[in-house]
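Everything below concerns the one structure shown next.
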Amino acid sequence: MVMERELYKLTAHELIEKLNKVEITSQEIIDSVKNRIREVDSKVKAYVRVEKLIKLANSPTRQLANILNGIPISIKDNICTEGLNTECCSKILGGFKPPYDATVIKKLKEAGAAILEAKTNMDEFAFGSSTENSFFGPTHNPWDLECVPGGSSGGSAAAVAAEEAIFALGSDTGGSIRQPAAFCGVVGLKPTYGRVSRYGLIAFASSLEQIGPITKDVKDCAILMNVISGHDPLDSTSVNIEVPDYTKSSHNDIKGIKIGIPKEYFIAGLDSEVKTIAEEAIDKLKDLGAAYKQVSLPHTEYAVPVYYIIATAEAGSNLARFDGVQYGFRAQGTGHRAQGLIDMYKATRGEGFGEEAKRRIILGTFVLSHGYYDAYYMRALKVRTLIKQDFDEIFKECDCIVTPTSPTPAFKIGEKAADPLKMYLSDIYTISANLSGIPAISIPCGFTRKGLPIGLQILAKPFDEEMLFRVAYAYEQNTPWHTIKPKL
Amino acid sequence: MQYEVVIGLEVHVQLKTKTKAFCGCSTEFGKEPNSQACPVCLGFPGSLPVLNKVALDYALRVALALNCQVQECAKFDRKNYFYPDLPKNYQISQYDLPLSRNGFLDIYIEGKARHIDIRRVHLEEDAGKLIHRDEASLVDFNRTGIPLLEIVSEPQLNSSQEAYEYLTTLKNIIEYLDVSDCDMEKGSLRCDANISLKKKGAQELGIKTELKNMNSFKAVKDALEFEIERQTELLGAGEPIIQETRLWDEKEARTVSMRTKEEAQDYRYFPEPDLTPFIISQDKIEEIKKAIPELPREKMLRFMRDYGLSEYDAKILSSSKKYAEYAEECMKASNNKNKKSIANWLIGPLASAASGHHCAVPDLKILPSELVKLVEMVDLEVVSNLAGKTVVLTEMINTGKDPETIIKEKNLIQISDTSALDNIVDEVIKENAKSVNNYKTGRGNALMFLVGQVMKKSQGKANPKVVQEILKRRLTDA
C-alpha cells in the first residue's frame, strides 16, 4: 500500500484504479503532488508563477465518475486556461488571463481532471529546444541539474520526470514534446496534425503544431490521447476522423511489424553513445518479433532550413498581435498622443520580446518580404511537399519508422545558448514529422554512462497513433527504463 | 480635351450575414461599442477563424451575377500590417486565388451600352472602427470580422459620369441579390477610385492617384471631376503626377495628399494556415445561379414590354427590388388591367407621398388590391383624379382605410350626372356675366375659370370634364 504522501509517484492509470476502488481521494493526490512541488521545484524549476500554487493548498475536491476522476494535470504556459495566467513565459504576455479555456482544457475538465494552477515552464512562445529562452529563467534537468531539460516543453517534461506532475500537456511544433521527453526520460507524443484541436493553443507555427501528452508511461499517454483527441468545430484544421480507444493498442505484441530505419539519421553528428543505445533498442524490437529494413528519406537534409523558413514566417505573423493595444504588456509611458502609435509598438515589442523571439520575427518577416517570397517561402513550401512524399513512400512498405529522438543527450545549460544555429540542429530528427503532419512518439530507451536519458522515436503514418502505442508499449513493457527515476 | 480619362473603381460591400465572417458574433449595426466581439474577432491569443458558409454563398451570388468565373479551389491569405483597428495585425483576405475573376458589368449612358470588365470579386474581413478624441483614440471592435466583398473593376471607366453610373448599377444589382444594404452612410458600401490621364490615342496609361474618403456616389463623382481638373492642369504645365493616395475633403471640395507613406506597403501575403482551401463544386454554382432573381436591367425591359412604360419610367419602377415587387403585386391584383395607370400612380402620386414620409413606396403599406381599386375608381371617374391623389391617398396612408370607405365618408363621389350639374352651371353662368362675355369674345381662359367656379360651388365633386361639356353647350346655346 503506497503511503499517502507518495501518491505523486504513481501513474495516472494506477491512481485511477485506486480512485475507483475508493482507496484514495483526488484531494490526497493533489496534496501529494503539491507537496512534491514544494519539495523539489526550487531545484528543478519546472513550474512558473508557482507561489500561487503553494498558497492555494486547498483546491476543491472533485469526485466525479469521470475517467480522470480529479487527477491533477500540469499544463504548458501556452495553452489557454480561463481565468488562469497564460503567458507563454514571455514578458509581453505578462498578466494575461484568457477569458476562455482551450478546447483540450474543456475536454480535460469534462473528463474530470483538475487543472493545476501553476503552469509549466517553456521557451518563450515555444521558440527553443532547451527552455533557456523563458522569461522566468531555465528549467533544470532532474537527471542532472546542470543540464537542460530540452525544449520548448521542458517544464512539462521535467515535472513528469521529477514526479512533480502525474502527467502533463505540452506542444510540439518542431520536436518540442519529443525532444524534452527524450532528455528527461519520459514519454512524449506529437499527434497527427489535425488530431487534436489547436483552439486555445497560443500559436507559434499554425501549420506545424499540435498539443500532446507528456507522461510517465505509454498507458498514461494513451489515456490522455483518448481525452484530448477529436474534431473541434472551432478549429478548421482539426479533422473529423473517429477517435479509437488508444488504450486498446497497448497489447504487447509486435510480431511481424515492419520497421524502417532511415539511413540519413545515422550519420556523422549523431553522438556515438546515442547511436549505440538506439541500435540496441532497435535490436530489442527485433527480438520482440519486428522485422526491420533500412530505408531512405532523401530530403532529410533540407528539413531544418525548410522548417525555419515556414515556422518563422507563420510565427512572425502570429506574434504581430502582441502590440500593447488590448492585453498584456505595454511599455511604460507609451500609448499617449504625444508619443504616438509607432513608438508604442516599438517600445512594447522591443522590451516585451526576448532575443530568440525577435530573431524569429525578423527572419519570418524577411522570408515573406517583397522580392524574397518566391526564393524562400514559396520554395520551402515545395520542398516541404517533397519531405512529406518521402514518408508516404516509406509507409507503403513499412508500418513505422524508428530513429533516435535527438542526436545528443541533454546538453549543459548555456552550452548551445550562444549559437542559435547549433540549437536549431538539435531538432534535426523531430522536425520532419511536423513538416509532414505525421504522428511520432518518444520513449526512454536507455542512459548514457553519465546517467542522462536517451529517447527512441517512433513515427507512423497519419492518424495511425495506434501503431505508435503498439510498438512503444511492447518495447516499454520489456525494458526497465520507465521504472527508473532521478534522485532529487 | 487632349486627355483621356482612365478610372478604375474598388468597391467594398458589407455582406448582411447574421454573424461575422469567421466567428459567431452578431453583425447588427449601431450597437453598444465592443458588445459584439469575442476572442476570435478580437484576435485573442489561441483563437482560430472558422468560415461562415452563408458569407461564402452570398459572395458567390454576387460573383455569378457579375458574370465572373468562379475559382474551383480558392483559399484565404493573410494581409499583414499594423493598425489598432486590426486586432491580429493581419487581415484575412484573398490574394492570388480569389473567389472569382474576369466578370463584367454593362452600364448604360444615354441609352448606349458600355461593357466594363470586373477584374475580381473576393471575400475578406472588415476591420474595427477608430474614433479619435483629443485625449485618446478609441477602438470599437463590433465591426471587426464582418464579411466584406471586394469588387475591383478594370480601369475602363472614362468619365465621372460613367463612374457614377457604374456605382448605381452595381448597387442596384447587389440590392436585388439581397446580400447587403449598400448604405454608404452606414458604411456597408465603400468606394475607392484610381484615376489617371493619358494623351488621346496613347497606349500607355498615365500615373494614377488613388482617391479615398468619399462618402456618397455624388462625392465620388465630384472627387473624380476635381482630380481630372487637377491632373489636367499639372500635365498642361508639364509637371509630373505623383503616384499617391489623396483624400476627398467634402467641405473644401478638393482632394488632399495623404503624404504619409513614401513607399508602397509590403503586405507580405501568405496563405492563411488556419483555414483550409475550399472547393466550390459545379453543383454549388448551379444552385446559387438558380437562386439569383431577375436582375434590374431585365426587370426594367420587361416592365417596358408588359406595362407599356417608357424606359425612364420603367427604370424608376425597377430601381429597387422591393419597389419592383410591390409594383408587380399591384399588377397581379388588377388582373393586369389598367397597367399603365397603375404604373403612373406608382411613379407619380405614391412616390411623392413616400418622399413626404421619408420612406419607400412599399413602406406606405397600401395594400395592392386597394391601390388597384383607387386607380379603377379614378379611371371610371367615380372620383376626380385630384381628389384621388390627394385626399383619398393621404387618408389611405394615415388611417389604412380602403378607398371606397373613404370616398363615401368624405362624400367625394364625383358628380357626373348632367342633370345634377345643370343647376350649378346655370348659377355660375348667371353670377359670372363678365367671364361669359370674355368666353364669347374668344378669351379661352374664361372657360377654365368658369369650370373652376363650378368646381368650387360643388365642393370639388363635379366631374370637371362633364362640367366643361355642359358649359360649352350652355354658352354656345345662349
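In order, the protein sequence lines correspond to chains A and B. Just so you know, the numbering used here puts the end of the first sequence at 488, numbered straight through with nothing missing. Just so you know, the numbering used here puts the end of the second sequence at 1478, numbered straight through with nothing missing. Using N, Cα and C, we set each Cβ at its ideal position, and we do this for glycine too.
CA-to-CA distance, residue j to residue i, given in whole angstroms
{"i": "F183/A", "j": "N69/A", "result": "30 Å"}
{"i": "P233/A", "j": "G154/A", "result": "30 Å"}
{"i": "E1028/B", "j": "E82/A", "result": "28 Å"}
{"i": "A1219/B", "j": "R1443/B", "result": "52 Å"}
{"i": "H1358/B", "j": "I1347/B", "result": "15 Å"}
{"i": "E1252/B", "j": "R1246/B", "result": "14 Å"}
{"i": "T479/A", "j": "D123/A", "result": "32 Å"}
{"i": "L297/A", "j": "L189/A", "result": "21 Å"}
{"i": "P486/A", "j": "I177/A", "result": "19 Å"}
{"i": "V1040/B", "j": "E1233/B", "result": "50 Å"}
{"i": "L488/A", "j": "I73/A", "result": "21 Å"}
{"i": "D1117/B", "j": "G1145/B", "result": "29 Å"}
{"i": "T61/A", "j": "S26/A", "result": "The predicted model places T61/A with a pLDDT of 48, which falls under 50 and marks its position as unreliable, so this point remains unresolved."}
{"i": "G174/A", "j": "Q332/A", "result": "35 Å"}
{"i": "Y1326/B", "j": "A1333/B", "result": "11 Å"}
{"i": "L15/A", "j": "E393/A", "result": "42 Å"}
{"i": "P1240/B", "j": "S1257/B", "result": "15 Å"}
{"i": "F1226/B", "j": "K1322/B", "result": "35 Å"}
{"i": "A1059/B", "j": "L1189/B", "result": "14 Å"}
{"i": "F411/A", "j": "E87/A", "result": "26 Å"}
{"i": "G446/A", "j": "I454/A", "result": "5 Å"}
{"i": "L285/A", "j": "C398/A", "result": "14 Å"}
{"i": "I1285/B", "j": "F1278/B", "result": "14 Å"}
{"i": "G324/A", "j": "K1088/B", "result": "12 Å"}
{"i": "F391/A", "j": "A281/A", "result": "22 Å"}
{"i": "Y518/A", "j": "E356/A", "result": "Residue numbering for chain A in the displayed model covers 1 to 488; residue 518/A lies beyond these limits and cannot be assessed."}
{"i": "M1304/B", "j": "S1320/B", "result": "16 Å"}
Residue nearest to residue i in terms of C-alpha spacing, selected from the options
{"i": "C1191/B", "options": "K1079/B, L1009/B, A1462/B", "result": "L1009/B"}
{"i": "T483/A", "options": "D77/A, I71/A, V160/A", "result": "V160/A"}
{"i": "I401/A", "options": "K263/A, S272/A, Y373/A", "result": "K263/A"}
{"i": "L381/A", "options": "S207/A, E51/A, K255/A", "result": "S207/A"}
{"i": "I259/A", "options": "F266/A, I24/A, Y292/A, T276/A", "result": "Y292/A"}
{"i": "T334/A", "options": "A1136/B, Q1414/B, L1177/B", "result": "A1136/B"}
{"i": "E1272/B", "options": "D1057/B, N1067/B, S1093/B, F1022/B", "result": "S1093/B"}
{"i": "G1460/B", "options": "V1391/B, S1419/B, L1380/B, A1446/B", "result": "V1391/B"}
{"i": "P191/A", "options": "C221/A, A162/A, P444/A", "result": "C221/A"}
{"i": "H1132/B", "options": "V1179/B, P1084/B, I1406/B", "result": "P1084/B"}
{"i": "R1302/B", "options": "L1317/B, P1464/B, A1291/B, G1111/B", "result": "L1317/B"}
{"i": "K1031/B", "options": "R1101/B, R1078/B, K1129/B, Q1071/B", "result": "K1129/B"}
{"i": "L468/A", "options": "L452/A, I443/A, G128/A, P453/A", "result": "I443/A"}
{"i": "E1185/B", "options": "S1216/B, K1208/B, Q1156/B", "result": "S1216/B"}
{"i": "D1417/B", "options": "E1244/B, V1005/B, A1462/B, I1228/B", "result": "A1462/B"}
{"i": "I458/A", "options": "Y424/A, K416/A, V187/A", "result": "V187/A"}
Endpoints, beta strand (DSSP E) assigned at residue i
{"i": "A1113/B", "result": "1112-1125"}
{"i": "D1192/B", "result": "1189-1199"}
{"i": "E1010/B", "result": "1003-1014"}
{"i": "M1214/B", "result": "1209-1214"}
{"i": "K1129/B", "result": "1129-1132"}
{"i": "Y1108/B", "result": "1100-1109"}
{"i": "K293/A", "result": "291-295"}
{"i": "Y1090/B", "result": "1090-1093"}
{"i": "D1096/B", "result": "Unbroken run through D1096/B: none, as it is neither H nor E."}
Cβ distance (whole Å) where residue i is taken to contact residue j below 8 Å
{"i": "S238/A", "j": "S197/A", "result": "5 Å"}
{"i": "V474/A", "j": "D217/A", "result": "The sequence shown places Ala at residue 474/A, not Val. Between D217/A and A474/A the Cβ distance is about 13 Å, and since that is not below 8 Å, they are no contact."}
{"i": "R503/A", "j": "T348/A", "result": "For chain A, the structure presents residues 1 to 488; residue 503/A sits outside this window and is missing."}
{"i": "T405/A", "j": "Y429/A", "result": "6 Å"}
{"i": "A313/A", "j": "L368/A", "result": "5 Å"}
Segment limits, alpha helix (DSSP H) that includes residue i
{"i": "W143/A", "result": "It is not in any alpha helix (DSSP H) - W143/A carries neither H nor E in the DSSP assignment."}
{"i": "S176/A", "result": "Counting along the chain, S176/A falls outside any alpha helix (DSSP H), and DSSP gives it neither H nor E."}
{"i": "I1397/B", "result": "1393-1399"}
{"i": "W1345/B", "result": "1339-1347"}
{"i": "T1245/B", "result": "Looking at the DSSP string, T1245/B is not in any alpha helix (DSSP H); the run it does join, the beta strand (DSSP E), is 1245-1249."}
Residue i Cβ short of 6 Å to the ligand ZN heavy atom set
{"i": "Q1036/B", "result": "Questions concerning the ligand ZN fall outside what the structure shown contains, since it holds no ligand whatsoever."}
Quiz item: Can you give, in chain order, each stretch of the alpha helix (DSSP H) that sits fully within the stretch 1049-1086 of chain B and has at least 4 residues?
Solution: List check, alpha helix (DSSP H) in window: 1053-1065.
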